[in-house]
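Below: the structure, in structure tokens.
Chains as they are written, first to last, in the working numbering: chain A, 316 to 676; chain B, 341 to 666.
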């Protein structure tokens, strides 16, 4: 940066000074986020993953408005159709307004779709399944379910983990030791088995202790993943605790909760975000896994795990419905891969130990 | 070492007690029972059945009778063959199964566990061989094309769920190129695809661990010294770097076996393998109280035992770690 020195004494006006101020404005200190963003942009794979995920995310958000066929309307009399090119007339029929019970918001969106597209709908781009349902519509609606479950469960784990780890680290002493022993103990438990067990017990019961079946499902999955989050946060908090600004706040009489929300959490955010990005793929995996076992999302609702079950059940040596296996597999695989790549990229980008010039490859 | 094992054993007893208690009371709190299944029984028949298995007792008494070697009055839980009284979990008797009449839980587990263990062991061996091999290739030819592709495949392998992999494998190797049977269990041919599907995600993770470990080791002084003394790269990697790079893999083996056990629930369902996994899900759904408890206890014990074993092996391999700190 080349700064022009003021020539005549303390002349603080005029064009050179304005240029200087403008320059200062432009080179204002970069926060952690600015640096991280720049580094992330340099990571080709992570950028591609980010855009791809944004695309998939908006696609699944907009699912009710898109001119897709109904994901549940069956045509049992027909054989499953192979994927058809967009201009093909094969397998096209008028739009049938059939869904599982949707939320009011989604119902409004479907109404918008009806106004905008009326009877028009896309043909079986990715073919139809063994019950004549459109695979593409099921994939998109399924992504809605799967991604929503993933976000909800990841948030559950986030809230539990951050509060638990934060309090444990901040309070310290005997309580810290006790709380961490509990986490150790829970680690030793084969937690997946406990969750499967609990969900199996809930089975088809619609509500447990006032909570809906789905809420229990989120909490159960969230409970699987909060342990590591709690450990990570505690470690970070312990390190923060001995920094001067936290000690200053404490010396001025700030309470534990105040310090937690005002000083600690903002400084833990980056590590939490990284861990969250890495948790979401595992949660999607868990959802698919549990739905596959018949313990998660229930038909007629669709999720990616259920699509995988459909594929397995439709597979027979007589006729190979390859599209039923390949497309859901691709969808799950590519989204999980993208999330993993993005998580790795974020970890590198937010790593404060990395050199700040952003010259890393 | 002995102190460590004793402490582990005490910790295990505590964990198991918690699991058993939690599972027992959760199960009794859940709506439905083992006899409220598909077809409704006549009230008198159901009452007789409930009385036979002592489901008419208060729950705490059932719990104590289930756990304890102590005789709490009329014990009378009839074991599978009806010839000897129920001994309680502490005596290693899991009681009669409610759904598989005439079988005790011990029988059911004894039949299915070897199948699951064989499958799991095959998958683990495959995962370690493939994972360490791929990681080693990365270490031998760092930052080359091969390294890039292995890394990409490993990332994909970690990301793709095993049941998706399994269905793709069925598609390719059973239907398109029919070299493997579609499902079932018996000879080695039956176990290839399930073991592959089960082991691949673990193999991918191990490959990443080995690669990272090797790269870490290769940047250290003792390796530089070895190279400076003119030792060929191959020997440096295999003799010096690998010894350190393999350590993370050993500590991952505990979680890996847990992952394989979990995954086998799904894989057994896809390939119709008569293992323990199917019982785990079905028994909870069917409210087969004793079988569900039995499988839960079995899996908890397996995971715990494997973790302890891995910790012991780890200290044997790495003299810098002592069990007393663990």
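Built from N, CA and C at the ideal position, the CB exists for glycine as well.
From a predicted model like this one, the values you see are computed outputs, not experimental measurements.
Check, Outcome
"Are residue 536 of chain A and residue 468 of chain A closer than 7 Å when you measure CB to CB?", "yes"
"What are the boundary residues of the alpha helix (DSSP H) that residue 481 of chain B is part of?", "From DSSP, residue 481 of chain B is part of no alpha helix (DSSP H); its letter is neither H nor E."
"For residue 413 of chain A, does the count of other Cβ atoms within 10 angstroms reach 16, so buried, or fall short, so exposed?", "exposed"
"Bridge partners for residue 444 of chain B per DSSP, in chain order?", "B:436"
"Check whether the Cβ atoms of residue 507 of chain B and residue 640 of chain A sit closer than 7 Å, and answer yes or no.", "yes"
"For the putative contact between residue 661 of chain A and residue 589 of chain A, defined by C-beta atoms under 8 Å, what is the C-beta separation to the nearest angstrom?", "5 Å"
"Quick check on this structure: which residue in B:495, B:533, B:432, B:404 has the alpha carbon closest to the alpha carbon of residue 637 of chain B?", "B:432"
"When you compare only the Cα positions, how much space is there between residue 653 of chain A and residue 647 of chain B?", "31 Å"
"By how many angstroms is the C-alpha of residue 361 of chain B removed from the C-alpha of residue 384 of chain B?", "30 Å"
"Decide if residue 557 of chain A is buried, meaning its Cβ has at least 16 other Cβ atoms within 10 Å, or exposed.", "exposed"
"Which residues share a DSSP beta bridge with residue 443 of chain A?", "A:449"
"In chain order, what residues of the same chain lie with their CB nearer than 7 Å to the CB of residue 748 of chain A, ignoring the 5 residues before and after it?", "This structure does not reach residue 748 of chain A, given that chain A is present from 316 up to 676, and the question cannot be answered."
"If the criterion is Cβ atoms closer than 7 Å, does the pair residue 435 of chain B and residue 627 of chain B meet it?", "no"
"Check the Cβ of residue 362 of chain A against every Cβ in chain D and list those closer than 9 Å, keeping chain order.", "The question asks about chain D, but that chain is absent: this structure's protein chains are A and B."
"Tell me which residues of the segment 630-642 of chain B have at least one Cβ-Cβ distance to chain A shorter than 9 Å, keeping chain order.", "632, 635, 636, 639, 640, 642"
"Against chain B, with Cβ distances strictly below 7 Å, would residue 333 of chain A count as a contact?", "no"
"Who are the near neighbours of residue 608 of chain B in its chain, counting only those whose CB is closer than 6 Å to its CB and skipping five residues on each side?", "615, 617, 618"
"Checking contacts by CB at 7 Å: is residue 626 of chain A closer than that to chain B?", "yes"
"Output, in chain order, the set of chain A residues within a Cβ distance shorter than 8 Å of residue 621 of chain B.", "511, 515, 608, 609, 610"
"Which stretch, first to last residue, makes up the alpha helix (DSSP H) that contains residue 631 of chain B?", "629-657"
"Taking residue 424 of chain A as part of the alpha helix (DSSP H), name the residues at either end of that continuous run.", "419-432"
"Apply the 10 Å Cβ neighbour rule to residue 333 of chain A and answer buried if 16 or more other Cβ atoms are within range, or exposed otherwise.", "exposed"
"Among B:550, B:524, B:606, whose alpha-carbon lies nearest the alpha-carbon of residue 491 of chain B?", "B:550"
"Does the structure place the segment 426-445 of chain A close enough to the segment 388-396 of chain A that three or more beta carbon pairs sit under 8 Å?", "yes"
"Alpha carbons only, please: which of A:476, A:390, A:337, A:481 is nearest the one belonging to residue 571 of chain A?", "A:481"
"Looking at the secondary structure, which residues open and close the alpha helix (DSSP H) in which residue 392 of chain A lies?", "Run containing residue 392 of chain A: none; DSSP gives neither H nor E here."
"For residue 509 of chain B, collect the residues of the same chain with a Cβ closer than 7 Å to its Cβ; drop the 5 residues on either side in sequence, then sort them by chain order.", "533, 536, 537"
"Where does the unbroken alpha helix (DSSP H) through residue 625 of chain A begin, and where does it stop?", "619-629"
"So, with DSSP's three-state summary, where would you put residue 610 of chain A?", "coil"
"Rounded to the nearest angstrom, how far is the Cβ of residue 553 of chain B from that of residue 586 of chain B, given a contact under 8 Å?", "7 Å"
"Return the chain-ordered list of same chain residues with a C-beta closer than 8 Å to the C-beta of residue 657 of chain A, the five sequence neighbours on each side being excluded.", "361, 364, 365, 368, 592"
"For residue 602 of chain A, count neighbouring Cβ atoms within 10 angstroms of its own Cβ and tell me buried if that reaches 16, exposed if not.", "buried"
"Helix, strand or coil: how does DSSP classify residue 616 of chain A here?", "coil"
"Under 7 Å between beta-carbons, which chain B residues line up against residue 507 of chain A? List them in chain order, please.", "602"
"Using a cut-off of 8 Å between C-beta atoms, extract the partners of residue 558 of chain B located in chain A.", "Within chain A, no residue comes near residue 558 of chain B; the closest Cβ sits about 18 Å away, beyond 8 Å."
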